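> The sequence shown begins at 24 in this note's numbering and counts up one residue at a time.
C-beta: ideal position from N, C-alpha, C; glycine also.
Being a predicted model, the structure only gives us computed values, none of them experimental.
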Amino acid sequence: MSAKKYDRELGIRTVGLREWDGHSHYNRYEATPYEALDVLFQSYSLGHHERVVDFGCGRGRVAFYIHRRFQIPVVGIEAHDLTFNEALDNKYTYRLKAKDIPAPIEFKFGLAEHYKVKPVDTCFYFFNPFSSKVFAKVMKNIITSIKQAPRTVDVILFYPLPEYKEVVRKYPFRKINKIRVPGAEDPYDKFIIYRLPEEIAEELKDEASA
24 MSAKKYDREL GIRTVGLREW DGHSHYNRYE ATPYEALDVL FQSYSLGHHE
74 RVVDFGCGRG RVAFYIHRRF QIPVVGIEAH DLTFNEALDN KYTYRLKAKD
124 IPAPIEFKFG LAEHYKVKPV DTCFYFFNPF SSKVFAKVMK NIITSIKQAP
174 RTVDVILFYP LPEYKEVVRK YPFRKINKIR VPGAEDPYDK FIIYRLPEEI
224 AEELKDEASA
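1. By DSSP's criteria, G34 is part of a beta bridge. Which residues make up the other side?
2. Starting from the C-beta of T145, find all residues in its chain whose C-beta is less than 8 angstroms away, skip the five residues before and the five after it, and write them out in chain order.
3. What are the start and end residues of the beta strand (DSSP E) that includes Y217?
4. For a test of the three-state rule: what should DSSP assign to F93, helix, strand or coil?
5. What distance in whole Å lies between the Cβ atoms of G79 and I35, which are believed to be in contact at a cut-off of 8 angstroms?
6. Figure out for me which residue from K141, H137, R92 has the closest Cα to the Cα of P236.
7. Where do the N-terminal and C-terminal ends of the beta strand (DSSP E) with R203 fall, by residue?
8. Taking the straight line between their C-alpha atoms, what separation do you get for K201 and D112?
9. What residue does the alpha helix (DSSP H) around V140 start on, and which one ends it?
10. Can you confirm whether the segment 198-212 touches the segment 57-73 when touching is taken to mean that 3 or more C-beta pairs between the two stretches lie within less than 8 angstroms?
11. Between K28 and V38, what straight-line distance do the alpha-carbon atoms span, to the nearest angstrom?
12. Roughly how many angstroms lie between the CA atoms of P127 and A231, to the nearest whole one?
13. Between I179 and I223, which are expected to be in contact by the criterion C-beta below 8 angstroms, what is the C-beta distance as a whole number of angstroms?
14. Go ahead and pull the three-state DSSP assignment for K156.
15. Do E186 and S155 have their C-beta atoms closer together than 8 angstroms?
16. Since D77 is in the beta strand (DSSP E), which residue starts that stretch and which ends it?
17. How would you call D77, buried or exposed, if buried means at least 16 neighbouring beta carbons within 10 angstroms?
18. Could you check the C-alpha separation between F150 and T55 for me, to the nearest Å?
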């Protein structure tokens with residue numbers, strides 16, 4: 024199914040690119056391909072107790088896909104004002120087709136590093152939305168939240184660049200899966216899923232309070 028047909032099925036518009044004007048730390052908008060999401064979630068599942076945060080969510084493709092497939096709460100964080108407004112427009116038209124899903128889907132405007140990670144946030148998705156410097160700040164916020172409210176959390180990287188992986192390796196995450204996009208020639212066309220188990224989070228909390 025083409026991206027446009029998938030969009031129509033969800034009642035949204037997410038096809039196309041958008042560049043930032045003179046913003047060195049934030050990368051252009053480019054949605055994760057639907058076929059890649061299909062492959063990811065054939066191997067990786069989300070439980071009813073999860074809440075997903077998509078940093079640099081763009082027009083919301085990943086958020087809507089996850090919300091419909093798993094019917095769980097999803098939050099999208101977007102810093103580009105025009106793209107954010109397009110995500111809100113998509114939410115309105117999506118909800119006309121997804122009235123029967125009670126789980127909330129939210130979009131928040133602002134810089135990713137300013138998002139206050141909630142104790143209910145358990146899965147974090149990144150498709151290289153910003154520089155590794157910003158990513159490091161976001162990861163630090165995630166770890167701070169884990170120390171305050173120990174829980175198992177997953178970090179999903181699509182098209183994982185070496186500098187992103189280097190940031191993750193600074194923390195006690197375990198790589199639990201690597202999923203390649205079938206037929207892709209680019210070696211970076213893959214997902215890497217990292218997990219920090221609750222027992223490790225408890226240890227981090229104890230170390231922080233010692």
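By the coordinates alone:
1. Here the question's residue 34 lines up with position 11 in the sequence shown. None, per the DSSP bridge assignment.
2. Here residue 145 refers to the residue found at position 122 of the sequence shown. Excluding sequence neighbours, T145 sits near H72, E73, R74, V75, R174, T175, V176, D177.
3. Residue numbering aside, residue 217 sits at position 194 when the sequence shown is read from its first letter. Unbroken beta strand (DSSP E) run through Y217: 213-219.
4. Taking the first residue of the sequence shown as position 1, residue 93 is located at position 70. F93 falls in the helix class under three-state DSSP.
5. In the sequence shown, counting from the first residue as 1, residue 35 sits at position 12. In the sequence shown, counting from the first residue as 1, residue 79 sits at position 56. No, I35 and G79 are not in contact; Cβ-Cβ is about 17 angstroms, not under 8 angstroms.
6. The question about residue 236 has no answer here: the residues shown for the chain are numbered 24 through 233.
7. Residue numbering aside, residue 203 sits at position 180 when the sequence shown is read from its first letter. First-last of the beta strand (DSSP E) with R203: 197-203.
8. Taking the sequence shown and counting its residues from 1, one reaches residue 201 at position 178. Taking the sequence shown and counting its residues from 1, one reaches residue 112 at position 89. Using only the alpha carbons, I get a separation of about 34 angstroms.
9. What you label residue 140 is simply residue 117 of the sequence shown in a count that begins at 1. From DSSP, V140 is part of no alpha helix (DSSP H); its letter is neither H nor E.
10. yes
11. The count along the sequence shown starts at 1 and reaches residue 28 at position 5. The count along the sequence shown starts at 1 and reaches residue 38 at position 15. Between K28 and V38, the C-alpha separation is close to 10 angstroms.
12. Residue 127 sits at position 104 when you count from the first residue of the sequence shown. Residue 231 sits at position 208 when you count from the first residue of the sequence shown. The alpha-carbon atoms of P127 and A231 are separated by roughly 33 angstroms.
13. Here residue 179 refers to the residue found at position 156 of the sequence shown. Here residue 223 refers to the residue found at position 200 of the sequence shown. 18 angstroms between Cβ atoms; not a contact.
14. Here residue 156 refers to the residue found at position 133 when the sequence shown is read from its first residue. Three-state result, K156: helix.
15. Here residue 186 corresponds to residue number 163 of the sequence shown, with the count starting at 1. Here residue 155 corresponds to residue number 132 of the sequence shown, with the count starting at 1. Cβ distance < 8 angstroms, so E186 and S155 count as in contact.
16. Counting from one through the sequence shown, the residue named residue 77 turns up at place 54. That run of the beta strand (DSSP E) goes 75-78.
17. Here residue 77 refers to the residue found at position 54 when the sequence shown is read from its first residue. Buried, because 16 or more other Cβ atoms sit within 10 Å of the Cβ of D77.
18. Residue numbering aside, residue 150 sits at position 127 when the sequence shown is read from its first letter. Residue numbering aside, residue 55 sits at position 32 when the sequence shown is read from its first letter. Approximately 7 angstroms, taken between the alpha carbons.
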